[in-house]
Amino acid sequence: MTNSWVPAPTFTYQWGREVGSKRTTIAGATESSYVPVAADRGARLFVEVTGASAGYASVTRTSPRTKTVLGKLTKTARPKITGVLEAGKKLTTTTGTWSNKGVKVSVRWQRNGVDIPAATKTTYTLVAADRGKKITVRSTATLTGYANSYATSAERAVPRVLKSAGPKITGSSSKLHNRVAVDTGTWTTGTKLTYQWYRDGKKISGATSSKYKLKMADQCRAVSVKVTGRKSGYLTKSRVSSKRDYVACVNATGPKIRAGQKIGSGKQIRSANQKHRIRVERSGVLLVGNHGRTRFSVTGAASSQLVLYRDGNLVLKQNGKTQWSSRTSGKGVTYGKMHNNGDFSLHTANGNKVWSLSTASAHRHNNHGVGLLTQTDPRWAHQWIGGRPFGPVGCVPTAFAMAAQSYGVWVDPPTVGVQMHQHSDFNRGHDGAGSKSIVSAAKQNSLMVTPLHSPNAISKALRNNQPVIGLVRGPGQITRPGSTHAIVLTGYSGGNTTLLNPWGGIPNQTWSVTTLWHWQSHDPLDSNAGALFWAIG
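Following this line, the structure appears as structure tokens:
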């Protein structure tokens, strides 16, 4: 600016820069305004104004110096936000980039343009207050000798959350061709709803309206519906109804289960002579046998039911989830029968046998072959028996189950554990079981058991194809030193046998019978039935 001059003169200008005590003029900078350039960084600027008027001597005045001129940082990219836009989810941002070396960048998260307190890291977890707001990141770049530079990310809108209700299926499920519908409950006003019906957790093709007509395929199946809500500015939300059985499954009676029938939780059917049964325990265990011997056992989830579907498949299921099946879909099965000899089989309408437990058993084990089971199997490791989880202490029941299954007695480790707890000493005042439980389980499952008191006796049993259960202490290849463990021995060759370890060790470890005899347990609990090695069968 120029101060008042009298009389009003004609002005000329010359800009200059001062570095230290040295002043220089800036070539070509002769206008009343001046835009600093890179060469001015670190200098102070001044301007000389000269006033001239006819008849008067020219006068030059010099302005005060400016503050030191700062450089301009060069921005090459602004911050970018990534992540799921939902309360509770974490967002991540880049800082943005500048081409100047040594630049330092800080970030600040903003909600609708206002700084969010303490949100100064490159990550930010969205909160409920962010719903319906626009989130940005503002980066500040600093470098000595340069003016601060700022960059702001693109806005990211955080959707609101739809108000919703759990859908319910309404209508009668007792007859074919009835229509059922979904009661969606209350959703946010303006929400568009879509529908998908499911059968046993799988989409039903074309079933995408709020109503559904029941079909033959729905008999004994768990039918559910998923309702999905969409609205601009809101998160898409889906809610699934509870599963229900459609068309109603009929309980089987007598010695037969027919297609479209079930054996419910806690129910059973018996052979005509009333000696044998197939039963679904309330715990989910499927049992086939009589009161003295279990021929077949499968562990399912609590409240399971056994269903013979119209496609011919026999399935142990719980809420639509298959626990076990006969894998006989499409083979023409119309009924299953519990026979007077203890076998259970599936048949076509003309009586042809398609599948039976005796055939299944022969298929799984031949010549007294022993298959490896482990106490840490996730199907039962976390089941509690006698106040303790099965996995850490279930070596004796697991060893017995291995030996029993080699004879076609299909009983799984936790079922043996329950037998040993109810009738003997498994998890009764101590962890695990002693040899009394081996004797008791053999009785419960109609198997012979023989104590073995020498390496020669063990070898003889193995040569006779009898599996042997041994209660031993360490070495570390078998169990932890200082602890005891149950193992199964099978086969014999040249003084050696194959060791199966219920803890999940290598299933084909070869050991000397004499060595294993040396490592027999010294725990009195293990020998409470008078021996530490037992031949089964």
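For the sequence shown, our numbering assigns the number 1407 to the initial residue and increments by one for each residue that follows. Backbone N, C-alpha and C define an ideal beta-carbon position, used for all residues, glycine too. Only a predicted model underlies this, so the values are computations on that prediction, with no experimental measurement involved.
Whole-angstrom distance between residue j and residue i, CA atom to CA atom
i	j	result
N1772	G1635	Residue confidence is low: N1772 scores 29 on pLDDT, short of 50, so the model does not pin down where it sits. Its coordinate-derived value is still stated next. Rounded to the nearest angstrom, the two C-alpha atoms are 56 Å apart.
H1769	A1847	With a pLDDT of 30 at H1769, under the threshold of 50, the modelled position of that residue is not reliable, and no figure is offered here.
G1607	R1627	9 Å
R1879	G1793	25 Å
R1467	L1497	58 Å
A1534	T1885	52 Å
N1584	R1562	48 Å
H1774	P1873	Summary for H1774: the model assigns pLDDT 39, below 50, so the residue's position carries little reliability; its value from the coordinates is reported in the next sentence. Whole-angstrom Cα-Cα distance: 8 Å.
W1925	V1694	38 Å
I1684	L1906	31 Å
S1830	K1723	31 Å
K1539	L1568	15 Å
K1486	L1641	22 Å
K1759	L1752	6 Å
K1681	S1762	18 Å
N1679	V1686	20 Å
L1877	T1903	15 Å
P1470	E1454	10 Å
K1574	C1655	20 Å
A1613	T1780	43 Å
S1852	G1943	9 Å
V1799	T1920	26 Å
V1721	D1818	18 Å
R1517	V1511	20 Å
K1637	T1597	5 Å
G1591	S1578	19 Å
Under the three-state DSSP convention, the category residue i falls into
i	result
M1622	helix
Q1804	Correcting the residue identity first, residue 1804 is Thr in this sequence and not Gln. Of the three classes helix, strand and coil, the one that applies to T1804 here is helix, per DSSP.
I1675	strand
G1823	helix
K1842	helix
L1923	The identity of residue 1923 in the sequence shown is Trp, whereas the question assumes Leu. Here W1923 sits in helix by DSSP.
L1692	strand
Q1850	helix
H1859	coil
R1484	coil
H1745	coil
S1767	The pLDDT assigned to S1767 is 39, lower than 50, so where the model puts this residue is not dependable; a value taken from the coordinates is nonetheless given after this. Of the three classes helix, strand and coil, the one that applies to S1767 here is helix, per DSSP.
K1608	strand
P1798	helix
K1574	strand
P1930	coil
S1899	strand
H1829	helix
H1774	Note that H1774 scores 39 on pLDDT, short of 50, meaning its location in the model is unreliable; the coordinates nonetheless yield the value given after this. Of the three classes helix, strand and coil, the one that applies to H1774 here is coil, per DSSP.
Exposed unless 16 or more other CB atoms sit within 10 angstroms - verdict on residue i
i	result
Q1883	exposed
A1433	exposed
W1790	exposed
F1417	exposed
P1413	exposed
P1812	Looking at the sequence provided, one finds Ser at residue 1812 rather than Pro. Buried, by the Cβ-count rule.
S1464	exposed
A1378	Within the shown structure, residues of the chain are numbered from 1407 to 1943, placing residue 1378 beyond reach of any answer.
R1605	buried
Residue i versus the options, residue with shortest Cα-Cα distance
i	options	result
S1377	Q1926, N1719, G1838, T1503	Given that the chain is displayed from residue 1407 to residue 1943, the structure contains no residue 1377 and the question cannot be resolved.
Y1440	G1426, V1475, W1411	V1475
R1447	S1438, L1549, A1414, L1692	L1549
H1859	W1923, R1450, V1633	W1923
T1436	A1658, Q1420, L1778, R1429	Q1420
A1809	I1893, H1827, H1788	I1893
A1941	Q1850, P1930, S1841	S1841
A1444	G1551, E1492, K1510	G1551
A1807	G1639, A1547, Q1850, S1865	Q1850
K1649	V1629, A1678, G1519, L1752	V1629
W1504	N1554, I1663, I1522	N1554
T1754	G1502, G1736, N1747	G1736
A1658	R1517, K1673, V1646, S1644	K1673
A1839	N1934, P1881, T1916	N1934
P1350	T1782, T1921, G1835	Any answer about residue 1350 is impossible in this case: the structure gives the chain only from 1407 up to 1943.
G1726	K1609, T1528, P1470, S1899	K1609
N1756	N1747, F1750, V1919, G1738	G1738
R1869	S1899, R1450, I1663, T1890	S1899
A1547	T1594, R1785, A1483	A1483
A1571	R1645, T1501, G1519, T1528	R1645
Distance cut-off 6 Å: residue i Cβ against heavy atoms of the ligand ATP
i	result
G1448	Of ligands this structure carries none, so the ligand ATP is not represented either.
Does the count of Cβ pairs from the region 1609-1621 and the region 1739-1747 closer than 8 Å reach three?
Because the criterion of three Cβ pairs below 8 Å is not met, the region 1609-1621 and the region 1739-1747 do not touch.
Counting pairs of beta carbons, one from the region 1478-1487 and one from the region 1448-1459, are three or more of them closer than 8 Å?
Look at the beta carbons and you see the region 1478-1487 not touching the region 1448-1459: under three pairs across the two are nearer than 8 Å.
Are the region 1654-1670 and the region 1711-1727 touching by the rule of at least three beta carbon pairs closer than 8 Å?
Yes, since at least three Cβ pairs between the region 1654-1670 and the region 1711-1727 fall closer than 8 Å, the two stretches touch.
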